[in-house]
Each structure stands twice: as C-alpha cells, then as structure tokens.
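Enquirer: The sequence shown begins at 0 in numbering that gives the first Met the number 0 and counts up by one.
Glycine included, C-beta positions come from ideal geometry on N, C-alpha and C.
Just so we're clear, the structure is a prediction, and the values are computed from it rather than from any experiment.
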Amino acid sequence: MSYRIVRTSEEIDELLNQCSESEETGHANFPGMSYEQGVKAAIEWLCDYVNDHPIQE
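#1: Given N28, which residues of its chain have a CB within under 7 Å of its CB, disregarding the five upstream and five downstream residues?
#2: Taking I42 as part of the alpha helix (DSSP H), name the residues at either end of that continuous run.
#3: If you run the structure through DSSP and keep just helix, strand and coil, what is T24?
#4: Can you name, in chain order, every residue of its own chain whose Cβ lies under 8 Å from the Cβ of V49, other than the five neighbours on each side?
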C-alpha cells in the first residue's frame, strides 16, 4: 500500500514547529491523548483522511 501526502511543505513545517514548541515548553495541547492517538491523527491529516488539523489552536 502506498500513501499520498497532500499537505504542503509549509503546512508540515508549521505542524513540526508547533510540536517542537510544545516539547520545549512541556505544554501538551492534548494531555488526555495517547502517543499513538497523536501519531494516528497526524498521519490521517497528512494523507487528507481528515481535514481537522492535528493541533487545533
């Protein structure tokens, strides 16, 4: 199976920056979410299975 990434480099960079910021500050946007749920949400967003950004402001 192959996956098609539909997000732009800018969108992916923004998400990575948000993740880095959360990691540096120790502030989790979703403290009740497991690591696996976060990974799943990000992959679903990258592949356009869902339109909801994995880190909603």
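Expert: On the basis of the data shown:
#1: S21, I54
#2: 34-45
#3: helix
#4: A40, E43
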